[in-house]
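Down below is the structure, laid out as structure tokens.
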Amino acid sequence: MGRRGFASPPVFFLLGLFWFLPPASAQRTNTTGTCQTETLGREFITSYMDDCGNSNQFEVQITGYFAFTSVSVSISNNQFDKKIMVNWGEMVRVSLPESVGIKGTTNFSNVVLVKADKDISVVSVSNKHVSPETTVLYPVSSLGNEHYIVTPSTESLDSYPEFSVMTYQEPNSVEVHVKGKLHYLIQDNSTGSRLTIKLHAFQGIQFQGIGDLSGTRIVSEKPVAILVGQRCFCNNTKCNHVFEQLLPVCSWGTKYIVPPLPRQKVDEIVYITASRNTTVLYQLGEQAETVTLAGGSVLQRPVKPWIPVYISANVGIQVVFYSVGAPLPNSSHAFLMNVPDVASYCQMYSINAQEGFENFALMVANTSETGAIILDNQPVRDVVWNRVPGSEFVWSMHTLAPAIRSHAVEHPSSPFALLSVGTAAMDSYGIPGSCRKNVTFKCQTETPQIQEQLKMCKDVFLKGNNSEFCSFVNLTIVNLETMCAQDRAVSLEEVAGPFGSFLNSSTLSAGGNESKREVAAAVTFLLQSVELAALTAALKSPGMKTQNVTTESMAIETLLVVPAAGPCDEVFRLRALNETMDIHCDTVTKAATEDSWAVAFISYFTLDSIIDKRFLNEGDLMADEKLRNFHLNSRVVSGAVGDGRLMNLSKPVNFTLRHRQAKKEEEEALCVHWKFIAGRGFWAEDGCTVLHTNSTHTICSCDHLSSFALLMGLTRVEDSDPLTIITYVGLTLSLLCLLLAILTFLLCRSIRNVSTSIHLQLCLCLFLANLLFLTAVTRTSIQVVCAVIAGFLHYLFLACFTWMFLEGLHLFLTVRNLKVVNYTSTSWFKKRFMYPFGYGFPALVVVISAALNPDGYGTSKHCWLSLDRGFRWSFLGPVCAIILINLTFFLVTLWILRDKLSSLNEDVSTLKDTRLLTFKAIAQLFILGCTWSLGLFQVGSAKMVMAYLFTIVNSLQGVFIFLVHCLLNRQVREEYRRWIKGTRKPSPPTQTFSLSVSTVTTSPKMAPCITGCGMGWEGADGPSPTKS
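Take any residue in the sequence shown, count from 1 to its spot, add 13: that is its number in the working numbering.
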């Protein structure tokens, strides 16, 4: 095998914290000597042949097939003991100390032991510089009592053969019938010699030969593990170091197929060993050869590039493939590999691709069954299948990714062979796939989201922590694995009973944001597990076309469809209490994984109360703003076909859902499905539409299968072109008017006072806010820029409302101070209060908001505040408070004016233009921001009217400011006339009445400076009001 430098081992955890109970099928006691060719097991032994004192790296690669599998890797008579945990489909590497290597011919006690509480497969790796090698380890249950040694040719005289014999947990007696020349201790033993060796428990012995040892027979009282290899001479560090675990004689087969290697340029070698006299047919391509082979002899034959080999015999034979490596002398790497016999082919495999290699999957399959092979849940496409002459099989190769990982390969009905090979500069490896005879893919939820949760729980256990959520996950998995492992018919009661009890788990009723994420993950895990269990129950009961069950927590119906000839136009209806699912026959047949096709429909009675408002009302679990004010108004239902994986459909599936509560006329119904992405669960409506709805039922049509429910609530205002046009036109007019107002307040010295200062700051903030909104609110392409834009908009609009508040406060103080003789509060109001508060308060709110939720600025559609975690209230809270205060100020001001106007100068109290006064009073509501409260009334049947009123009135706020404070102000109009005429002659004093702090003076000499910019109420010609 090959790879220069394996990664460091995984993190470890303390044993004894969580050794979970395996499923019932896996609770068997390993027995030795059964001679079954298995690669999955729970107990493994191996050793490592040291190579001439050079630096070696040893490791075991452990692949899991069940969740939370606890594994111990130890060395007998050594303190080394590593505890790891591995999930299904996961491969974990454990590095071993260099001292585990065995030097020379000797007895040894450092046997490597691998034990697990559930079935695993193990690949042993010996990685010497430019000479790495791998072998699949066979479990103790597959060991045997008789073996024949096969060692590669040593014609180059740069290496010599070696092999080791190991026994398990009982003492053993081993006989070695030598063939060739064998060196043991201080003696050389030639062909015909017999050695008898006693081994203690967990002990082994390593032999080295001088020349080929092929044909040497090993017989033991109890089963042993045999490793064969080839050791380099110390003066040649580039020679071929190989090793492989051999199979016992009782597991040999009679038919073998050897596919050619990818990138093969020279002849490789195949070794054929017979334990009894036999006739061997060796067919290389179209050329067939018959050879009579004596018992105990080894036949060597070539494997040429791109030509497959077919081998058969009338008794069991052993076939070992030997790759001689690249054609360059002393710079290649070879490997040994057991070739699986045809009788041992299976339907499901796992293979380990290695890092730094060009990895390939070599497949041998029946000619008529090639189209259904699946690699990592995806059909194998774009491969060329080549005929194997003399057989009904074809072979092909598929390129794998160059990263180290475990791959799952399966065929739904036909056994096939799988070999994993890889090539690199001066490196190569080859190992047969690990057959998964006792593990079914259909009972495993291998989605990326679920794998993420399994990894999280694994990390929790590795750290020695406890977790209620992870305990829930483990119980769910154990229940699923136990049911799937049954070799009998399974009823739906066995599904609904145990899984229904999980719905009452405290894990599903936790509170808090982090717990909600765990609830979402637990619900997702439970939904997928129930679907898989229901489908499995249907497939395990071929005699029952339909099954149904109703319990306190759920109702399930399954349908088993037997394929029929010709097109399938039937629509199947499944019913779970008050809900139904209509699914087209084509959908079922395309998801078929067996000769029979299963469909499942599940309705959960209480799940909608678990994932209801606390998920919908919080932005952390909602993807669509449109759904935020909705509530679940139906049971949660699930539909599944085939193996339960989420799939898109060519023809939609229709669900009829009954309403929990009668639908109101103003409510909208939405069909949604449950999504789980990046650790978060939420309801989404993509792929689902409403076909029909009434007060009691809604029919949903969806283009995929998962879990569904009905959301219902008051509809919100949709984006429309007229509203958009009104917004842009109104804001553009406001920008023009605000610019004119800013220039007026800056250039017209005769009207400068506290009122115009407030007006000026309000106009500046509103101008900048509207301009930024028009030009940048939809620039969401760059997340950081969008967040900055949202932050500035947040600050500017808050500043606008702060200055609106100061407008209202100043108006109130002006009216109240009509009673007061000395108006000294003006100076204090301006210098100590106005500017620090006007710009400091919004800055403080933004800083606190950003500190509490730095991700709250920017959404996918607009550069504005995110709705997550109620972040919108950092704007709505201050705004609502200011609107309420300003409205109070306005009403109190009107009340005070009602009394005060009648007591003033007769000329003032008899105002001529009542209509103008009324208009200015109403306009002041717009200027103070009170009309923003219209946004709170966009619900119900009047929502569109309110939406148009809100948009028109507030987009024109700048127009109202310019109209009231400039165009309808008499002194400002005089200034405009002078600017237009170009005259600079001062105008005569104007007798006005203006409700402003600076307008209420004690001398008519101040009249030129008392033009009102508060409410701007100008009186008729006459003397200025003064206090008597």
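Note that beta-carbon positions come from the ideal geometry of N, C-alpha and C, so glycine has one too. The structure presented is a predicted model; accordingly, all values stated were derived computationally and were not measured.
Legend entry - Three-state secondary structure (DSSP) of Glu188: The residue you call residue 188 lines up with position 175 of the sequence shown. If DSSP states are grouped into helix, strand and coil, Glu188 belongs with the strands.
Legend entry - Cβ contact check for the region 422-432 and the region 387-405: 3 or more pairs under 8 Å: yes
Legend entry - Contacting residues, own chain, Cβ-Cβ under 6 Å from Phe33 (five flanking each side not counted): Position 20 of the sequence shown, counting from 1, holds the residue named residue 33. Here the model assigns Phe33 a pLDDT of 34, short of 50, so the residue's position is not dependable and the matter cannot be decided.
Legend entry - Opening and closing residue of the beta strand (DSSP E) in which Ile386 lies: Taking the first residue of the sequence shown as 1, we reach residue 386 at position 373. First-last for Ile386: undefined, no H or E at that position.
Inset, instruction - Within the same chain, show all residues whose beta-carbon is closer than 6 Å to that of Gly821, passing over the 5 residues directly before and after it, in chain order. - result: As a position in the sequence shown, residue 821 is number 808, starting the count at 1. Asn899, Phe902 and Leu941.
Inset, instruction - Just mark Gln774 as buried or exposed, buried being the case when its beta carbon has 16 or more other beta carbons within 10 Å. - result: Looking up residue 774 in the sequence shown gives position 761. Gln774 is buried by the Cβ-count criterion.
Inset, instruction - Measure from the alpha carbon of Met179 to the alpha carbon of each residue in Thr164, Val255, Ile88 and Pro165, then state which is nearest. - result: Sequence index remark: in the sequence shown, residue 179 carries index 166 (1-based). Nearest C-alpha to Met179: Ile88.
Legend entry - Sheet register partners of Lys128 (DSSP bridge): Within the sequence shown, numbered from 1, the residue matching residue 128 stands at position 115. Looking at the DSSP assignment, Lys128 forms a beta bridge with Glu56 and Ser85.
Legend entry - Val99 versus Ser206: straight-line alpha-carbon distance, rounded: Looking up residue 99 in the sequence shown gives position 86. Looking up residue 206 in the sequence shown gives position 193. Near 46 Å, if we compare the C-alpha coordinates of Ser206 and Val99.
Inset, instruction - Look at the Cβ atom of Asp621, then the Cβ atom of Val666, and state whether they are nearer than 8 Å. - result: In the sequence shown, residue 621 corresponds to position 608, counting from 1. In the sequence shown, residue 666 corresponds to position 653, counting from 1. Result no, Cβ atoms of Asp621 and Val666 do not sit closer than 8 Å.
Inset, instruction - Select from Pro318, Asn91, Asn290 and Asp625 the residue whose C-alpha is nearest the C-alpha of Gly308. - result: For the purposes of this step, residue 308 is taken as the residue at position 295 of the sequence shown. The option with the nearest alpha carbon to Gly308 is Asn290.
Inset, instruction - Grab the span of the alpha helix (DSSP H) containing Glu506 for me, first residue to last. - result: Taking the first residue of the sequence shown as position 1, residue 506 is located at position 493. That run of the alpha helix (DSSP H) goes Glu506 to Phe515.
Inset, instruction - Tell me whether the beta-carbon of Gly726 lies closer than 8 Å to the beta-carbon of Phe643. - result: Translated into positions along the sequence shown, residue 726 becomes position 713. Translated into positions along the sequence shown, residue 643 becomes position 630. Yes. Within cutoff.
Inset, instruction - In angstroms with no decimal places, state the Cα-to-Cα distance between Ser1009 and Pro849. - result: Looking up residue 1009 in the sequence shown gives position 996. Looking up residue 849 in the sequence shown gives position 836. In this prediction, Ser1009 has a pLDDT of 35, which is less than 50 and means its spatial position is unreliable; what the coordinates show is noted afterwards. Whole-angstrom Cα-Cα distance: 21 Å.
Legend entry - Residue interval of the alpha helix (DSSP H) (run including Cys813): Along the sequence shown, read from residue 1 onward, the residue named residue 813 stands at position 800. Gln796 to Arg829 is the extent of the alpha helix (DSSP H) around Cys813.
Legend entry - Own chain partners of Ala546 with C-beta closer than 7 Å, once the 5 adjacent residues on each side are dropped: Here the question's residue 546 lines up with position 533 in the sequence shown. Here the set comprises Leu493, Met496, Val508 and Phe512.
Legend entry - Reduced DSSP category for Thr44 - H, G, I as helix; E, B as strand; rest coil: Looking up residue 44 in the sequence shown gives position 31. At Thr44 the pLDDT is 33, less than 50, meaning the model places this residue with poor confidence and gives no usable figure here.
Inset, instruction - For Ser233, I'd like the list of residues in its chain whose CB is within less than 6 Å of its CB, leaving aside the five on either flank, ordered along the chain. - result: Reading the sequence shown from its first residue, position 220 is the one you call residue 233. Correct list, in chain order: Asn158, Asn185 and Val187.
Inset, instruction - For Tyr741, count neighbouring C-beta atoms within 10 Å of its own C-beta (all shown protein chains included) and say buried if the count is 16 or more, exposed if not. - result: Numbered from 1 along the sequence shown, position 728 holds the residue referred to as residue 741. Result: exposed.
Inset, instruction - Please report how far the alpha carbon of Ala789 lies from the alpha carbon of Ile802, in whole angstroms. - result: Numbered from its first residue, the sequence shown carries residue 789 at position 776. Numbered from its first residue, the sequence shown carries residue 802 at position 789. Distance between the alpha carbons of Ala789 and Ile802 is about 7 Å.
Inset, instruction - Compare the C-alpha of Ala722 against each of Ala691, Thr702, Cys684 and Leu759 and name the closest. - result: For the purposes of this step, residue 722 is taken as residue 709 along the sequence shown, with counting starting at 1. The residue with the shortest Cα to Cα distance from Ala722 is Cys684.
Inset, instruction - Could you confirm whether any beta carbon from chain C is found closer than 8 Å to the beta carbon of Pro735? - result: In the displayed structure, chain C is absent; only one protein chain is listed.
Legend entry - Beta carbon of Thr1042 nearer than 8 Å to that of Ala550: In the structure displayed, the chain extends from 14 to 1041; residue 1042 sits before or after that span and is not available.
Legend entry - 8 Å Cβ cutoff met for Gly54 and Ser139: In the sequence shown, residue 54 corresponds to position 41, counting from 1. In the sequence shown, residue 139 corresponds to position 126, counting from 1. No.
Inset, instruction - Compare the beta carbon distance of Glu72 and Leu126 with 8 Å and say whether it is the shorter of the two. - result: Counted from its first residue, the sequence shown places residue 72 at position 59. Counted from its first residue, the sequence shown places residue 126 at position 113. No, the Cβ-Cβ distance between Glu72 and Leu126 is not below 8 Å.
Legend entry - Residue closest to Tyr161, alpha-carbon to alpha-carbon, out of Tyr284, Gln243 and Glu51: Numbered from its first residue, the sequence shown carries residue 161 at position 148. Minimum Cα distance to Tyr161 is reached at Tyr284.
Inset, instruction - Please name the residue, chosen from Ser554, Ala326, Leu752 and Gly871, that lies closest to Thr793 on a Cα-to-Cα basis. - result: Position 780 of the sequence shown, counted from the start, is the residue given in the question as residue 793. Considering only alpha carbons, the answer is Gly871.
Inset, instruction - Report the three-state DSSP secondary structure of Lys268 (helix, strand or coil). - result: The residue given as residue 268 occupies position 255 in the sequence shown. Strand, per DSSP.
Inset, instruction - On the DSSP bridge assignment, give the partners of Cys359 in chain order. - result: Taking the first residue of the sequence shown as position 1, residue 359 is located at position 346. Bridge partners of Cys359: Phe429.
Legend entry - Identified DSSP bridge partners for Gly1042: In this structure the chain extends from 14 to 1041, so residue 1042 is not present and cannot be described.
Legend entry - Leu34 in three-state terms, based on DSSP: The sequence position of residue 34 within the sequence shown is 21, counting from 1. Residue confidence for Leu34 is low, a pLDDT of 35 falling below 50, so the modelled location carries little weight and cannot support an answer.
Inset, instruction - Using a threshold of 8 Å, state whether the C-beta atoms of Leu548 and Ala502 are closer than that. - result: Here residue 548 is taken as the residue at index 535 of the sequence shown, counted from 1. Here residue 502 is taken as the residue at index 489 of the sequence shown, counted from 1. Not a contact, by the Cβ cut-off of 8 Å.
Inset, instruction - Take the Cβ of Asp132 as the centre, count every other Cβ of all protein chains shown within 10 Å, and call the residue buried at 16 or more, exposed below. - result: Taking the sequence shown and counting its residues from 1, the one referred to as residue 132 is at position 119. Per the 10 Å Cβ criterion, buried.
Legend entry - Rounded straight-line distance, which links the Cα of Asp94 to that of Lys471: Looking up residue 471 in the sequence shown gives position 458. Looking up residue 94 in the sequence shown gives position 81. So the alpha carbons of these two residues sit roughly 19 Å apart.
Legend entry - Continuous beta strand (DSSP E) stretch holding Pro867: start and end: Walking along the sequence shown from the start, residue 867 turns up at place 854. Per DSSP, Pro867 belongs to no beta strand (DSSP E) and is neither H nor E.
Inset, instruction - On the DSSP bridge assignment, give the partners of Gln74 in chain order. - result: For the purposes of this step, residue 74 is taken as the residue at position 61 of the sequence shown. Answer by DSSP bridge pairing, in chain order: Arg106 and Val136.
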